[in-house]
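Residue numbers (the working numbering): 70 to 116.
The structure appears right after this line, and notes come after that.
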Amino acid sequence: MGTVVDYFGNHVETIQAPVDGTVMMVNQMPAIKDGQSVMAIGVEQSE
């Protein structure tokens, strides 16, 4: 889904989605705090 970099552009972490789904929201903030949402994923439920 994305890559986390520090203020100097150094790679910190690669983020992968925990489930398959559709990206519903992306946090556009240039810097976020630990534990803050980066994206929201919509998952289709079976009936």
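No residue lacks a Cβ here, since even glycine has one placed at the ideal position from N, Cα and C.
Keep in mind it's a predicted model, so treat the numbers as computed, not measured.
Coarse secondary structure for residue i, derived from DSSP in three states
i    : result
G104 : coil
G90  : coil
E82  : strand
V112 : coil
Alpha-carbon to alpha-carbon, residue j and residue i
i    : j    : result
D75  : V95  : 19 Å
V112 : S106 : 16 Å
P87  : P99  : 23 Å
Beta-carbon contacts of residue i that lie in its chain and below 7 Å, excluding the five residues immediately before and after
i    : result
A109 : M93, M94
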